[in-house]
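To keep things clear, I will list the structure first and then write my remarks on it.
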Amino acid sequence: MKLPFGLARAFALTFAITAAPSPARAQATTADGFALPQPGRKFVFPRDHGSHPEFKIEWWYLTGHLYATNSTMGTPPRRFGFQATFFRRAAPRAGGPGIESANFGTGNIYLAHMALLDVTTGRFFHEERLNREGWDAGSATNSLAVHNGNWSLRLTDPVTNRMDLSGGIRAEVRFQLSLVPRKPLVVFGTNGVSRKAAEPEAASHYLTYPRLATQGTLSLGRETLAVAGEAWMDHEISSSQLGEGQVGWDWACLQLNDGRELMTYRMRRSDGSTDPFSSLSWVDASGRVVQQSARTFQWDPLAQWTSPHTRAVYPAGVRLTAADPIDGRRRTFTLEPLAADQELNGAGGGVPYWEGSCRVRDEAGREIGQAFLEMTGYAGSLRRTLE
Amino acid sequence: MESGTLVLILAFGIAVFFAVRLANRAAVANFQNFTDLLTAEADGLVTAEAGALSENLLPELRTLCGTESVHLVPVLETTATPPRSTEAEAIGERETYQLVGVDLIALQNLAAQRQVNRPWFDQTNASPATAGPAGAERDRFWQTFRDPRSAYVSGFLAERQYLRVGQDLPLLINDRVITLRVAGIIPVAPDQPQPPANLIVLDLPALQVLADRTGRLDRIEFVLDPGPERRERWQQLRLRLEAAAQGRWRVATPADRRAAGEQMTAAFRLNLTILSLLALVVGLYLVFQALDGAVIRRREEIAILRSLGVRPGEIQAAWLREAAVYGLLGGVLGLALGWLGAQGAVRWIGRTVNALYYATSAQAASLDLTETAIALGLAVATSLLAGWLPARTAAATPPAQILVRTGTSFAGAAWLRRPGWGALLLVLGVALTPLPALRLAGGARISWAAYLTALLWIGGAGILAGWVLQTMARKARRLGNYQATWRLALSQLAAPSGRHRLALAGLVAAVAMTAGMAILVSSFDTTMRGWIERTFQADLYISSDGAQSASTQNRIRPEVWRAIARHPAVAFANAVQVAEVRLPGGSTLLGGGDLRWFRDRTRTAWLARPADEAVFDAARNAGLCLVSEAFTARFQLGAGDEFDLPTPTGRQHLRIAGVFADYGNERGSITVERQHFARWFGDEQASSLILALHPGRNVEALRAELRAEHPGLAVYTNAYLRSEALRIFRQTFAITYALELIGIVVAVAGLGFTLMSLLLERRAELTTLRALGFTHREIAATTAWESLFTALAGVLTGLALSLALGWLLIARVNRQTFGWTLETDHPWGQLGALAFLVIASAAAVGWLVGRQGARLPAEQEE
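First to last, the protein sequences are chains A and B.
First residue of the first sequence: 1, per my numbering; consecutive thereafter.
First residue of the second sequence: 1001, per my numbering; consecutive thereafter.
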């Protein structure tokens, strides 16, 4: 569960939801004619890796952990965290089609974010990019092929589901990575629909590769490194995401050394409470999912960190407590950021959020895995920004 | 008082020079990409070899960029004008707007856009507090983004026209009026200049549709993300782009483009600078005369200093210092005046550049350190040069002089008394005339030899004028024997003093330059008129009503011009297409039209008539072209020569079948059959449509009918277009008259100064005359005669010289610089009026000076 938050302000606002009073029955479309996720949908691949223009909002979201493979003997390998995200947002159906131009379309807008943390130096690089549908941004509908400027993500081998990611941050960072799933695709939610709020529209199809073997090259300034590691990829398709009274959310994906993963999102309400539509899911080594409701897990912010860029105050790490589906025992995971400053600060006027790589420790303080943590709505109330 | 006048004169000369230079600089500085305001400066640009680029090249270019972090900014530019408010408006009177189309979404990714002072998509008239809820903001974004009429205007324009967000802005684009909607003010980053008032920004696909140029781009700018080795990264990318171009595009940098713009106007700007220097040259004489006068007046002072033992060298140095101080003061005042003048001149130069070369938005000239230093240096150098001889005279003043006081007039400048020197200069000038012009990059030429000849001739004639004056005075003395004032005046002139000769030389220079310029302009006028009458033979000329100048890009859509061509009243229609093309020697204009027109419908002035009829036959004229005379001079190609023409569909090999006279532009032009042009450029929009009607058809009736049917078209009759062409031409020459008039005023004032000095020198004589019974009136009459005679000699010599200068300007400067053959025409009436004006004003000034002199206190008896 991720929402595009660091986008340029004007575009960010287009993601806000005008929360409509919710009729109880299941709807096929939104009021303005966009498709809504339907339970029991049969996904067909590679087609469903591609774009779904009948839905209003869609994103392909990669986060991962990389290690330099050519490090000298004896020294620990250089470590990096990376984020590569591609968003699509359709224009409202009302108001006519605008100008019809294949190269300069007005039907969809594409946003993309790239970020890299160099753990050794603590330097955090990020860039956001906005383009209209057309020659320089777009997404195929028959398979995964999405691009924005010189950034792209493509399915290059439908048999192994290998994907190639080409990304970078301005002239400072470049990465060429190939990603091969180690586990089968996971569909979160109930019967193929992941709910975010009480409103029937606030739901998505949420497809995830929870663990991808990742390797390639990373250029940082004049230095080029061979890197390898693991990544997480979400593909989420919806026409509406937020519900009434929700002010922001925290999201995390944990990749444990025992071969299991956890994914959790906590919708935060205006009174500070956790929205009942929050959720936590366990993925076992074979890829089977166990979903737990908001009541069963606990999310405790640890220390605080104040952003020098935006003055926003974020939790500096999180303690997550949940029941292990193997034995029912309460387990505690501490998410410890690899650098405090991993804020995508919306320098271009966008909405700031924190998204960064963390290490995961157990109750005894042992490092048992790696995680990505996303925290939105801390740079002033998200709700107020949107309203 | 005299020091003040001296400083003023210098200031005036410097001001004219400085103003013209600053304004020139502003007009050139303006040849930048309008998009620089939005992107800061791009690292490079891709343009078509000729015509427009296809937007379908963009994905390929992106692929060529590989992983390089570069923003590709496709740009489309066109022009528009406000719709006409009355029928009577003349061509070129309405403002021309520069419409720039860029992808307003992608633009936000540029670093330069990160700090703009307002958002692009959320501008309202309301204050932020009352701007409404977020939903409204979101709706505004999509509404503005998807409305093809959304336009961003400059703050200047919004202020001037009281434009508000949401307001309609009707504009004439191509052949129709389109109503844009103001979406806001163009956002600007803090370190970027304010956008010019005539800039309007639209979303790229919207402008493509509005300008009927769907799928086309003028250029693609490449903006690399900042980072290490940005320059090297661009160089590498440039090599990749060039290697893949295969004639489909051309890679350049903004500096290349600016240089091309500067080259295009180099000759025009140089000529203007030379003209502005003329005022300074005449000023030089005047400063000399004034300083010399001061030496005379302060002879006593100098003689005392000499008596006290001050060495001549010290006296000379003191005078030179004084001259330098005058120069400095005049220079500073001149800079101030010039800066003010530049603000006015920049509009004029901007308009001329706009009309003749390219769209510029020069609004104000800014102070430039180099120009300031040059102007100040020139002021000091001028006054030092002018002060040199008077300083020597001062140094040579013997102490005893004060006792003798017989008034040895200005002894220096012995060379002024030697007609042989004058003749030698004239001969030297003649010897230089056959030398060719200096060719600059981009095809501009500078007639340096002709300018040098002019200088030698002016100097030579100045010297000879003294001899003319002397001869005239000696002959005339025999005529009016009976009148004392007459005899007295002529006795002064029969052996003219050095001072007389110098004033005369100044007058000769001013008269000759003014009259020479008058001859050039008149010849130009006559030639143009003849050419216009021969060329403009059609009944009606149709263009977009927005076509206001050479830089206009407004066209007539093919469906519109075809429909008009089919009108039953039309006997022959010639749709003309125009594009700018770049040849190895510079850029030129390519026209496509019905070549039969040249043979059947107009009396073409052929410089090289086509050898056979093939060029007039559309079925046989592929590979043939006609070129203008200016083209042959610029590219050194003539009839029968062959060259390669770049077009969007590749290089076309052309042979020149004929050369015709065309005074429309000095960059030259190539004309080919329209159907070939349309095929090469994949475009059928016409820049004009020329109609010949069936005999007996009413031209005015058809004009009215077409105007009513197509409000976006300008439909001109033959007579109107002829008069407009001449009006625009004359407007372009207006500044030359103004500069020359300044020369005359300065020269006549200089004569006044000289006479005043002479009278001061002859104070003893005046005392004697008064003692003999001469009245004030008679003394004034004597000076008036003296002045009149000097002016007469100046005018006669000046006019004689002007005939030579006129020839030089027409046959050498103009031929070499513009490649135009002009028919010489002497505007005798105008020259006569000039002669009368100079002589009469000289007599009047002489009279005034004489009266002033007569009132001088009598010499004290010692």
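Yeah, the Cβ is synthetic: ideal placement off N, Cα and C, and Gly gets one too.
Note that the coordinates shown come from a computational prediction; the quantities given were computed from them, not determined experimentally.
For Trp1120(B), the three-state secondary structure derived from DSSP is coil. Comparing alpha carbon positions, the residue from Ala1476(B), Gly1638(B) and Ala1515(B) closest to Phe1836(B) is Ala1515(B). Bridge pairing for Ala90(A): Asn108(A) [DSSP]. With distances taken between CA atoms, Ala1510(B) lies nearest to Ile1744(B) out of Gly1586(B), Leu1759(B) and Ile1744(B). Cβ-Cβ distances below 7 Å link Ala1804(B) to Trp1457 in the same chain, with the five nearest sequence neighbours on each side left out; the list follows chain order. Taking 8 Å as the cut-off between beta carbons, none of the residues of the stretch 1244-1257 of chain B comes near chain A. With fewer than 16 other beta carbons inside 10 angstroms of its own, His1694(B) counts as exposed.
Look at the stretch 125-151 of chain A: the residues with a C-beta under 7 Å from a C-beta of chain B are Arg129, Leu130, Asn131, Arg132, Trp135, Asp136 and Asn150. In this model, Gly1846(B) and His1776(B) are separated by some 13 Å (Cα to Cα). Here Ala198(A) is not bridged, per DSSP, to any residue.
Nearest in C-alpha terms to Gln342(A), of all of Ser219(A), Arg89(A), Gly122(A) and Arg93(A), is Gly122(A). For Asp1225(B), the nearest beta carbon of chain A is closer than 7 Å to its own beta carbon. Membership of Tyr1451(B) in the alpha helix (DSSP H) is indicated by the continuous run Trp1448 to Arg1477. For the stretch 80-93 of chain A, the beta-carbon criterion of a distance under 9 Å to any beta-carbon of chain B is satisfied by Ala91 and Pro92.
In the DSSP assignment, Cys358(A) is bridged to Pro337(A) and Ala371(A).
Beta-bridge analysis with DSSP links His1710(B) to no other residue. At a cut-off of 7 Å between beta-carbon atoms, Val1281(B) makes no contact with chain A. Its chain contains Glu343, Asn345, Gly346, Pro352 and Ala379 as the residues whose beta carbon lies nearer than 8 Å to that of Thr310(A), once the 5 sequence neighbours on both sides are disregarded; these appear in chain order.
At least one CB atom of chain A sits nearer than 7 Å to the CB of Val1209(B). 7 Å or more divides the Cβ of Val1746(B) from the Cβ of Leu1329(B).
Distance from the CA atom of Leu1520(B) to the CA atom of Leu1239(B), rounded to whole angstroms, is 49 Å. The beta carbon of Arg1634(B) sits no closer than 7 Å to any beta carbon of chain A. Here Glu133(A) is actually not in contact with Asn150(A); their C-beta atoms are around 17 Å apart, not less than 8 Å. Gly287(A) and Pro184(A) have their C-alpha atoms some 6 Å from each other. When secondary structure is reduced to three states using DSSP, His1694(B) falls in the coil class, being assigned neither helix nor strand. Going by DSSP, Pro1074(B) is part of the beta strand (DSSP E) stretching over Val1070 to Ala1080. Taking each of Glu1666(B), Tyr1451(B) and Ala1015(B) in turn and checking the Cα distance to Gly1586(B), the smallest one comes out for Glu1666(B).
Neighbourhood of Phe104(A) in chain B, by CB distance below 7 Å: Asp1103, Leu1204 and Pro1205, in chain order.
Out of Gln1113(B), Leu1180(B), Arg1213(B) and Leu1241(B), the CA that lies nearest to the CA of Ala1189(B) is found in Gln1113(B).
The three-state secondary structure of Tyr1097(B), taken from DSSP, is strand. Within the same chain, Ile1463 come within 8 Å of Arg1418(B) by CB-CB distance, once the 5 residues on both sides are set aside. Following the DSSP letters along the chain, one finds Gly317(A) inside the beta strand (DSSP E) bounded by residues Val313 to Ala323. Relative to the Cα of Asn1125(B), the nearest Cα in the group Ala1019(B), Leu1163(B) and Leu1172(B) belongs to Leu1163(B).
Below the 7 Å Cβ cutoff, chain B contributes Gly1227 as neighbours of Glu172(A), in chain order. Chain-order list of chain A residues neighbouring Arg1062(B): Trp135, Asp136, Gly149 and Asn150, by C-beta distance under 8 Å. Secondary structure note for Asp1043(B): it is in no alpha helix (DSSP H), with a DSSP letter that is neither H nor E.
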